[in-house]
Amino acid sequence: MSIISLIIKREFIAKVRNKSFVVMTFLSPLLFVAIAVFIGYLSSMKAETKRIVIHDETGLFASDFLKENKKDAEFKYLNLSEIDVKALKDSITKENFSGLIVIPKTKNIKDLESKIEFISNNSPSISFVENTQDLIASKITKLNLEEARLDTLAIQKAQSDVNIHLVKASGEESLKGLNEIKIAIGGAFGYLIMMFIIIYGNMVMRSVIEEKTNRIIEIIISSVKPFQLMIGKIVGTSLAGILQFVIWAIIGLGLMFAASAFFGVNVGSASRIPPVLMQSVGHNFSEMMQIGLNEAWNLPIASILIGFIIYFIGGYFLYSSFYAAIGAAVDNQTDSQQFLLPILMPLILSVYIGFFTVVNDPHGSVAVIFSMIPLTSPIVMLMRIPFGVPWWQIAISVSLLFTTFFFVVWFAAKIYRVGILMYGKKPTWKELYKWLKY
Amino acid sequence: MSNLLEVHKVVKQYGDYVALNEVSLNVPKGSIYGLLGPNGAGKTSLIRIINQITMPDSGEVILDGQKLQPKHVQAIGYLPEERGLYSSMKVGEQCLYLAQMKGLSKAEAKKQLDYWFDRLGIQGWWNKKIQELSKGMAQKIQFVVCVLHKPKLLILDEPFSGFDPVNANVIKDEILALKEHGSTIIFSTHRMESVEEMCEHIALIHKSNKLIEGKVSDVKRQFKTNSFEVGILTNNVEGLMYDITQKFTVSPASFKSLNDDLKLNIQIGNASPNELLHVLTQRGQVTHFVEKIPSVHDIFIKTVTGSSN
């Protein structure tokens, strides 16, 4: 058996046998599902109905608000226009009602626009304020139209609602919700890479520090090359990580189904589909979902998956080499903080760029540049791929990633080689630079 | 006798600091070779170079007639001073792993382990974790690990630290037995009495330079001061003192003896011991006559403090 596979095997077994690893593997999905069920339960719970009082001196709006009173609605409107405003305000302070809308009488209806007040103890939600404004505004518009003797029905008829059909050059009809699906897929993969790097990169670092503090390192290093040890460690840890992820996925999915069957809570829809998607597909959800699924099959699935594997390997190895070098440079985890920050920054940055810039403009210059830079490309490029990326961009990005990867492994191996034999010192950046020359 | 290990003008620098300055060593085959030196002298740097943990900046190392190369790690057993084991791994698995890293097959490793565990009476430890063992027990395992693959060259850095006297003796006997079976042993320690007891050759490194190297007896000859410890029974002390101070340098000595004799340290310079004896026997009865041989301890201190001044 070659030395590297020997090391990989030991690292894998050591990780998998570790008690905390076993506990985490089986506890995390339970926790995750418990949280999902809890959120699902909360969101399915009926919110307490809030009673809103209308004091409408004009007598024009109250009826429109009362029309909003439906069963299970969040707000119940009461028309108390004949009661004195002062008394109503008192009842708000005494918390008999949640809020009070005061619509004063004005000479001109136009003046109302800035005269309406909402009085409450707690500031209302933005959506409530907007809904109320819309409701009053449309009523005023309607009144204005009537005053101008315009035919509201004719105007309604004249208004148009355009719905552009997205058609690809190849002729298939496309779905607008598809963009959200693309974001969801790219985002999920990008996020997965980030999580994997942070969790298992840290594990690589801890394992290096452990060998240092155990003082076994010098015994091992007299039999194998530091480079072999480092690569074996990274691969062994990632295999353990992949195993853990697979177990999580299996248990998680199983529990999801079990939970949704048992609690009758639609956990899946609450947690897995992003809200943007929910909103955009809106009413005829299931029908759209069907088209969506068909569309999803038309996505470049092969290139997404291959891209995921390539960027996963490249990104994980790149970052875990950094983690290994840091582990070798420090004596304990607390000392590692100063070196970890520069590693976490590009990771966080790439997720932000992914979710904000790529979503807005998948082929804009920011998205393109960051999908080339090796430290951010694994996540940013992966989020761009579902939108269709020219092959030459992928080629540049991948070759840059792997060139950097080999450079970083070389650099990390140097730091590693010197660092593992340095005890009791907290190194500075300057010292790390010096080690490169040893 | 040919040399198993030859180190030729090895230089190692860490930044501006010179850890080894053209150090050369010759370790004869089948010997126990004491590598001495104060803390920070460069011993560990040299040992790491021999183990190919670090590379020399210049100079070369020859093992058994060949320039040092990666396959040689299998011919070397190394017990570092800073040593430890995976604390949560079982003793048996750990030893198997480390032995396989040295190129043994799993079956061969198991066989050797059984032999050594049996020999040291630690058969029951196979399934224990290192964290359940005492420090001394773990040291025993480490010793086993570094000799399992029957290395031609065994490098032991402070092998006795952490052992009680009984176990230290067990390990000492094992080291001597390995030597009998043809292993060459480099032995780095600050315990001079073990050097005195076990080493045939020594080298002393101080401030990155090798100051002394050779057979222990040769080194001692080189450091001897030609002085003798003398005990003599005489009635005429003044006469005796007059006679010897004519030719030799005399100082009082203290050693244990059963007689109420006069105890002296006499340095004879280039004269022969017989001349001294001749003078002494004319004046009284000699009860004690020993050449003062410097101990390794004395040589160490003299060399290190001498070169510092």
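These protein sequence lines are chains E and U, in that order.
Just so you know, the first sequence maps onto residues 1 to 438 in this note's numbering.
Just so you know, the second sequence maps onto residues 1001 to 1309 in this note's numbering.
Ideal Cβ placement from N, Cα and C applies to all residues, glycine included.
For the pair Val1147/U and Gln1094/U, the CB atoms are not nearer than the 9 Å cut-off. For the stretch 57-104 of chain E, the continuous alpha helix (DSSP H) assignments of 4+ residues that do not extend past its boundaries occur at 62-67 and 85-93, in sequence order.
Among the CB atoms of chain E, one or more fall inside 9 Å of the CB of Leu1098/U.
The secondary-structure analysis by DSSP pairs His1008/U across a beta bridge with Glu1060/U. Interface with chain E (9 Å Cβ-Cβ cutoff): Glu1082/U is included. Within the stretch 1146-1175 of chain U, no residue places its CB atom closer than 7 Å to a CB of chain E. Annotated three-state conformation of His1278/U is helix, per DSSP.
Only residues of its own chain outside the window of five on either side were considered, and among them Glu211 and Leu229 have a CB closer than 8 Å to the CB of Ile220/E, listed in chain order.
A residue is called buried when at least 16 other Cβ atoms come within 10 angstroms of its Cβ; Asp1157/U meets this threshold and is buried.
Considering only beta carbons, the part of the stretch 1040-1058 of chain U lying closer than 7 Å to chain E consists of Asn1051 and Ile1053, in chain order.
Look at Met1137/U: its C-beta is not under 9 Å from any C-beta on chain E. Under the three-state reduction of DSSP, Asp1157/U is assigned to strand. Counted as a single uninterrupted DSSP element, the stretch harbouring Val162/E is not any alpha helix (DSSP H), since DSSP gives it neither H nor E.
Look at Tyr1086/U here: in three-state DSSP terms it is coil, with no helix or strand label.
Among the bridge pairs identified by DSSP, Pro1028/U is matched with Asn1003/U. Spanning the alpha carbons of Pro1252/U and Leu1036/U requires a straight line of approximately 32 Å. Less than 9 Å divides the Cβ of Ser321/E from the Cβ of Ala413/E. Note that the stretch 236-250 of chain E touches the stretch 13-25 of chain E; at least 3 beta-carbon pairs, one per stretch, sit closer than 8 Å. Residue nearest to Leu112/E within the set Phe61/E, Pro124/E, Ile369/E and Ser125/E is Phe61/E (criterion: CA-CA distance). In the structure shown, Asn202/E falls within a helical segment according to DSSP collapsed to helix, strand and coil. As the crow flies, the alpha-carbon of Val408/E is around 35 Å from that of Phe32/E. With respect to chain U, the C-beta atom of Ala14/E has a partner C-beta closer than 9 Å. If you draw a straight line from the Cα of Ser1058/U to the Cα of Thr1184/U, it comes to about 25 Å. Bridge partners of Tyr1078/U according to DSSP: Ile1155/U. In this structure, the CA atom of Thr1245/U is about 9 Å from the CA atom of Ile1266/U. For Ile1076/U, the nearest beta carbon of chain E is closer than 9 Å to its own beta carbon. Taking each of Ile35/E, Gln333/E and Met381/E in turn and checking the Cα distance to Ser303/E, the smallest one comes out for Met381/E. Within the stretch 200-229 of chain E, the residues whose Cβ lies closer than 9 Å to any Cβ of chain U are, in chain order, Glu210, Glu211, Thr213, Asn214, Arg215, Ile216, Ile217, Glu218, Ile219, Ile220, Ile221, Ser222, Ser223, Val224, Lys225 and Pro226. Using a Cβ-Cβ cut-off of 9 Å, Leu239/E does not count as an interface residue toward chain U, since no Cβ of chain U sits closer than that to its own.
When DSSP states are grouped into helix, strand and coil, Ser1251/U belongs to the strand group.
Assignment of Gln1246/U by DSSP, reduced to helix, strand and coil, places it in the helix class. The stretch 352-396 of chain E contains, as complete alpha helix (DSSP H) runs of 4+ residues, the segments 365-370 and 377-384 (chain order).
His1288/U and Ile1053/U have their C-alpha atoms spaced approximately 53 Å apart. Along the stretch 395-406 of chain E, none of the residues has a CB nearer than 7 Å to a CB of chain U.
For Ser1208/U, no alpha helix (DSSP H) encloses it, and the DSSP letter there is neither H nor E. Taking a cut-off of 8 Å for Cβ pairs, the stretch 186-197 of chain E and the stretch 372-390 of chain E touch, as three or more such pairs fall below it.
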